[in-house]
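Asks: Numbering (full-length UniProt numbering), first residue to last: 1 to 839. Just so it is clear, CB atoms sit at the ideal spot from N, CA and C, and this is done for glycine as well. All figures in this text were calculated on a predicted structure; none of them were measured in a lab. Please see the structure below; I have some questions.
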């Protein structure tokens with residue numbers, strides 16, 4: 001949005017002056033103001049015809065009543081009337097609209113009333129009237145004007161939504177009834193030709209227009225939405241107020257930029273000679289407005305008063321700020337200032353990020369902030385065509401309108417925005433053979449797009465917005481400055497962003513009182529970690545479906561209860577939806593839970609220390625800015641519980657992204673497929689603020705076989721790269737890996753890629769074995785004593801040295817046997833024998 005605070009500094013016209021020329025509430029302006037500065041001097045035209053014979057403007061120019069011209073006091077202003085506020089006992093009239101008596105009223109933004117209805121002010125100034133409690137007009141009592149009527153031009157009636165047969169409620173209005181901010185510091189005005197036939201090709205000077213507006217309408221009230229006719233050099237112009245910025249001139253240090261930019265129709269203010277007026281052309285009428293060195297561009301691409309929150313996109317505040325700064329800011333500043341800097345406008349930007357984060361939604365909503373033409377939206381796959389040369393022709397058609405207008409108007413041309421969705425479909429790396437099915441069409445399309453963006457005949461009136469999920473696939477030449485030079489990552493929303501998105505998707509529920517009061521949106525924002533915008537929308541839909549199901553008649557599928565009118569979506573519905581909708585970049589809870597199906601038994605102080613150390617690593621990665629990447633290797637004998645401990649550390653971390661890389665998921669994969677699978681998981685981890693990746697059983701992943709020995713060097717090298725590759729700025733990653741071959745890890749040189757290692761031992765002593773048996777709940781005290789006595793025959797030295805996983809499996813097997821103790825003893829003794837045979 002255009003921001004006046006970014007304009008070049010000019011002297012403050014509202015500051016205190018030595019000549020005490022600051023407008024006063026008693027006169028709105030200098031009391032010694034001279035007589036009117038203009039007189040159209042037209043003789044009354046025949047009824048139903050305009051001065052230029054233009055039939056469509058009949059109402060604006062007609063003199064059907066043939067009344068004499070009003071006194072020439074158009075430069076004067078009404079006196080404020082303290083105490084005569086519309087709601088405070090001011091007299092009320094009911095009048096009926098009629099056409100303007102002559103051009104002085106039509107082009108002076110005045111309404112005529114009968115002195116019998118409204119008496120002239122004692123000092124001869126115009127009277128301010130409040131129409132239908134919303135619209136304020138400057139009225140001038142006119143001798144001979146019929147009582148019970150009030151003249152209104154066509155733009156005035158259009159603004160006030162008044163027909164010729166309507167009754168009008170009229171009251172005296174005090175401009176100071178709304179407080180001290182009764183004057184306009186600045187205003188944005190859209191200018192267009194009022195007549196279809198009376199137009200000129202010559203551009204209008206903004207300073208000249210500002211002087212004409214102040215000369216014609218000084219001391220009148222302007223409000224957003226107001227439509228005004230002005231005769232400028234015998235050409236009727238239509239002015240529409242877009243935004244205003246009010247100031248308080250009762251203060252000696254009034255700042256014209258201190259007020260809020262307002263679009264509310266009730267934000268009325270008095271226009272003075274010091275009001276800064278910014279003009280924007282209505283491109284539909286073809287009017288041309290010259291560029292100014294201190295005013296914004298007349299063909300502004302952003303609507304005055306536009307706010308980004310109006311787009312209905314949450315969680316992208318910083319991204320929108322960057323987009324506006326890089327792509328739009330230079331285009332709303334005065335062109336003269338931009339020329340002094342000697343810079344060129346940005347011609348392209350690329351939005352990239354994971355699916356569902358709002359890239360395409362931005363494309364749908366970006367038209368709301370544009371002041372003129374709608375953007376062209378191109379879907380990447382639609383560009384390709386089976387006929388030779390047709391794909392390149394489709395690219396040229398995208399730029400045809402911009403080229404035509406740029407040849408006609410040059411830098412005065414309006415901005416043409418082209419939104420290119422799924423850009424990677426047609427702009428893959430040249431020479432790869434990936435684009436166009438290996439026919440080379442993709443290369444030609446890229447070449448054509450490059451020449452249009454930054455070729456010999458450059459266009460300065462285009463902005464290409466590309467969107468993709470795979471930035472790595474796009475040709476590098478397209479990403480350099482002068483082409484798609486601005487790269488904005490649309491990442492997963494943080495908690496504040498998720499809260500904004502939830503508010504947007506539940507807004508109708510709240511407005512229609514369908515959302516229960518027990519729904520806590522901040523709580524839901526906290527629980528939806530790593531949800532994309534699309535997944536949050538799916539969550540709201542799922543919660544609604546649970547609310548629907550409560551009002552379906554029991555035993556039927558298509559009948560609803562009578563109490564459906566009282567249906568509300570409550571907190572329980574959202575919590576059920578959380579169990580149903582899972583984020584693509586979330587926690588692999590099922591996979592991790594399957595690794596600790598028996599739980600984690602703290603049978604020794606070593607286990608407690610491993611978990612405490614893992615918690616410290618989690619805190620180090622989650623809180624310390626200096627540790628964006630940390631990797632830990634858990635090594636130990638087979639079945640000692642390494643994977644279970646890694647899974648427990650990961651789940652207890654509370655990180656929003658936790659993924660498991662397991663050899664079970666890569667059975668039958670070729671080396672490239674394995675590398676691609678590993679790469680995809682790490683790439684996803686880099687998109688989350690905090691992530692944990694568990695790499696289970698490294699030796700199986702790299703296809704290690706001791707006979708030979710043999711292993712996959714490509715997969716090994718890929719793992720080593722990812723173990724050392726830090727995530728992108730602001731993201732943090734903890735890697736937990738497990739292995740039973742620590743010596744092998746040293747030989748393969750992957751051991752040095754880890755920051756720390758933790759040894760996970762077996763269950764060693766009888767005391768630890770007793771603790772495990774007690775925690776299992778499968779044996780009573782006598783059975784435990786008998787079992788330990790039976791095991792002791794093989795473990796004479798008091799050392800058991802059996803993996804916790806084997807012990808827990810032995811307990812589960814013993815539960816199925818009538819002789820639980822005997823079966824358990826045999827299983828454990830066999831495990832002890834195996835350990836002793838390998839030692």
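What number of angstroms, rounded off, separates the C-alpha of residue 799 from the C-alpha of residue 788?
Replies: Straight-line Cα distance between these residues: approximately 12 Å.
Asks: Around the C-beta of residue 155, are 16 or more other C-beta atoms found within 10 angstroms, so that it is buried, or is it exposed?
Replies: By the Cβ-count criterion, residue 155 is buried, with 16 or more other Cβ atoms from all chains shown falling within 10 Å of its own Cβ.
Asks: At the level of alpha carbons, what is the spacing between residue 489 and residue 477?
Replies: Spanning the two alpha carbons is a distance of roughly 19 Å.
Asks: From residue 471 to residue 487, what distance separates their C-alpha atoms?
Replies: Distance between the alpha carbons of residue 471 and residue 487: 10 Å.
Asks: Taking only the alpha-carbon atoms, compute the straight-line gap between residue 43 and residue 101 and give it to the nearest angstrom.
Replies: Here the model assigns residue 43 a pLDDT of 32, short of 50, so the residue's position is not dependable, and the following value carries that caveat. Their Cα atoms are separated by approximately 11 Å.
Asks: So, are the CB atoms of residue 494 and residue 358 less than 9 Å apart?
Replies: no
Asks: Short of 8 Å in beta carbon distance, which residues of its chain neighbour residue 559, apart from the five on each side in sequence? Order them along the chain.
Replies: 552, 553
Asks: Alpha carbon to alpha carbon, how far is residue 774 from residue 784?
Replies: Rounded to the nearest angstrom, the two C-alpha atoms are 8 Å apart.
Asks: Buried or exposed: which applies to residue 573, given that a residue is buried once 16 or more other Cβ atoms fall within 10 Å of its Cβ?
Replies: buried
Asks: Please classify residue 828: is it buried, with 16 or more other beta-carbons within 10 angstroms of its beta-carbon, or exposed?
Replies: buried
Asks: From this set, 821, 691, 622, 746, which residue's C-alpha is nearest residue 781's C-alpha?
Replies: 821
Asks: Going by alpha carbons, who is nearest to residue 734 out of 688, 708, 126?
Replies: Comparing Cα positions, the closest option is 688.
Asks: I need the straight-line Cα distance from residue 579 to residue 708, nearest angstrom please.
Replies: 48 Å
Asks: I need the straight-line Cα distance from residue 383 to residue 399, nearest angstrom please.
Replies: Residue 383 and residue 399 have their alpha carbons spaced roughly 13 Å apart.
Asks: Extract the residue ranges of the alpha helix (DSSP H) inside the UniProt domain "AAA+ ATPase" (628-754), only unbroken runs of 4 or more that lie entirely within it.
Replies: Within the UniProt domain "AAA+ ATPase" (628-754), the complete alpha helix (DSSP H) runs of at least 4 residues are 642-653, 671-685, 698-701, 713-724, 742-747.
Asks: How is residue 334 classed by DSSP in three states: helix, strand or coil?
Replies: Correct three-state label for residue 334: coil.
Asks: Taking the C-alpha atoms as reference points, what is the distance between residue 661 and residue 698?
Replies: 9 Å
Asks: For residue 131 and residue 349, I'd like the C-alpha separation in whole angstroms.
Replies: 48 Å
Asks: Please report how far the alpha carbon of residue 120 lies from the alpha carbon of residue 183, in whole angstroms.
Replies: The C-alpha of residue 120 lies about 23 Å from the C-alpha of residue 183.
Asks: Just the Cα atoms here: how many angstroms apart are residue 764 and residue 730?
Replies: 43 Å
Asks: Measuring straight from C-alpha to C-alpha, what distance separates residue 804 and residue 641?
Replies: 6 Å
Asks: Would you report the Cα separation of residue 395 and residue 597, rounded to the nearest angstrom?
Replies: 57 Å
Asks: Given this structure, state the Cα-to-Cα distance separating residue 510 from residue 584, to the nearest angstrom.
Replies: Cα-Cα distance, rounded: 28 Å.
Asks: Compute the Euclidean distance between the alpha carbons of residue 148 and residue 176, then round it to the nearest angstrom.
Replies: Approximately 27 Å, taken between the alpha carbons.
Asks: Looking only at C-alpha atoms, which of 346, 113, 694, 474 sits nearest to residue 592?
Replies: Selected option, being the one with the closest Cα: 694.
Asks: For residue 222 and residue 116, what's the separation of their Cα atoms in angstroms?
Replies: 27 Å
Asks: With burial defined as no fewer than 16 other Cβ atoms inside 10 Å of the residue's Cβ, what is the status of residue 705: buried or exposed?
Replies: exposed
Asks: Could you tell me the boundaries of the alpha helix (DSSP H) in which residue 96 lies?
Replies: From DSSP, residue 96 is part of no alpha helix (DSSP H) but of the beta strand (DSSP E) over 92-98.
Asks: Span of the beta strand (DSSP E) holding residue 379?
Replies: 376-379
Asks: So, using beta-carbon positions, are residue 600 and residue 653 closer together than 9 Å?
Replies: no
Asks: Would you mind listing the alpha helix (DSSP H) stretches within the region 509-565 that are 4+ residues and don't spill past its ends, in chain order?
Replies: 521-527, 533-549
Asks: Is the number of C-beta pairs between the region 236-250 and the region 316-329 that are closer than 8 Å three or more?
Replies: no
Asks: Any contact between the region 453-466 and the region 496-504? By contact I mean 3 or more CB pairs, one from each, below 8 Å.
Replies: Three or more beta-carbon pairs separated by less than 8 Å are not found between the region 453-466 and the region 496-504, which leaves the two stretches without contact.
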